[in-house]
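A short write-up of the structure that comes next.
In the numbering used here, the protein residues as written are 10 to 315.
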């Protein structure tokens, strides 16, 4: 039997498909279409399947504003993240977006303090059903203390004022440091970009200090005091000139480890002959070095789905 259902004219691709268009094609009331697509109300299974199929054929895209007004939900999750030019954050955002897409949520990346402030205090047009804060502890704390919008933080520094997916790298760091010690390293330094990363509430720093104490070794903190990659080699080079190279070097993350690797080579030190190195995060780039850089890997896909 030929299909006699009428479809909106294909010659007008610019026309936004509405619930009424779907209702006209399906021969049902517009409220039936709404219930079928939103999974609400009592709609026969066959009718629901028919409506969903028609909506897909017509490339129907829900009006986000109208849906938010009707349901009180935006189907958006706001993301606060550290520097996106770091592979760790870019990779984690990739997995988060993949997960949100599968659950019909949109990712809203907050780029400015004003956008964050508007969402926290409901003073602007920025709206979301929830917030994920990745290593953004100060802003994340503001959500926990001042906003009704649910917020979960991801990182190695948990806060009591909010839910947190806490990443404890301690076990991996301890194992890596003990391997250095077994290889005969007596002078093992911890290379960081800020004093914040050397605090004892950071799992990797805590593991470093505890392991050094357990083996009767003196901690050595090298604070580059800069988050700018182009400045790090010069700062580290000056340190090497004054103090020489440690036998073992534990770096706060893989980006810092890559920078340190090149700086050591330029200063005449060979890895691993002169200096054993350990990074954090498990970035793929580490395997491209010769020799490959050792790293404490983070399970980013599992973290994003927790």
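Backbone N, C-alpha and C define an ideal beta-carbon position, used for all residues, glycine too.
Everything numeric in this text was worked out from a predicted model, so none of it was measured.
If we count the other Cβ atoms within 10 Å of its Cβ and call it buried at 16 or more, is residue 262 buried or exposed?
Walking along the chain shown from the start, residue 262 turns up at place 253. With 16 or more other Cβ atoms within 10 Å, it is buried.
Tell me whether the region 260-280 and the region 200-213 touch, counting them as touching only if at least three CB pairs, one residue from each stretch, are closer than 8 Å.
Output reads yes: the region 200-213 touches the region 260-280.
Pull up the CB-CB distance for residue 257 and residue 145, whole angstroms please, since I reckon it's below 8 Å.
Against the chain shown, residue 257 aligns to sequence position 248. Against the chain shown, residue 145 aligns to sequence position 136. Between residue 145 and residue 257 the Cβ distance is about 31 Å, and since that is not below 8 Å, they are no contact.
Give the DSSP-derived three-state secondary structure of residue 298 in the structure shown.
Looking up residue 298 in the chain shown gives position 289. Coil at residue 298, not helix or strand.
For residue 237, report the span of its alpha helix (DSSP H) as first-last.
Position 228 of the chain shown holds residue 237. From DSSP, residue 237 is part of no alpha helix (DSSP H); its letter is neither H nor E.
Apart from the five residues just before and just after residue 11, which ones in its own chain have a Cβ nearer than 6 Å to its Cβ?
Numbered from 1 along the chain shown, position 2 holds the residue referred to as residue 11. With a pLDDT of 44 at residue 11, under the threshold of 50, the modelled position of that residue is not reliable, and no figure is offered here.
Tell me the start and end of each unbroken beta strand (DSSP E) in the region 181-257 that is at least 3 residues and wholly inside, in chain order.
Here the runs fully enclosed are 197-201 and 229-232.
Helix or strand or just coil, what does DSSP make of residue 285?
Here residue 285 refers to the residue found at position 276 of the chain shown. The answer is strand: DSSP assigns residue 285 an E or B state.
Relative to the C-alpha of residue 305, which residue among 243, 221 and 182 is closest?
Position 296 of the chain shown, counted from the start, is the residue given in the question as residue 305. Of the listed residues, the one whose Cα sits closest to residue 305 is 182.
Alpha carbon to alpha carbon, how far is residue 129 from residue 302?
Residue mapping note: residue 129 aligns to position 120 of the chain shown, counting from 1. Residue mapping note: residue 302 aligns to position 293 of the chain shown, counting from 1. Computed Cα separation, rounded: 41 Å.
Can you list the beta strand (DSSP E) stretches of 3 or more residues lying completely in the region 59-116, in chain order?
Runs of the beta strand (DSSP E) inside the region 59-116: 85-90.
Kindly give me the distance between the Cβ atoms of residue 276 and residue 249, rounded to whole angstroms, as I take these residues to be in contact under 8 Å.
Position 267 of the chain shown, counted from the start, is the residue given in the question as residue 276. Position 240 of the chain shown, counted from the start, is the residue given in the question as residue 249. With a Cβ gap of about 5 Å, residue 276 and residue 249 count as contacting.
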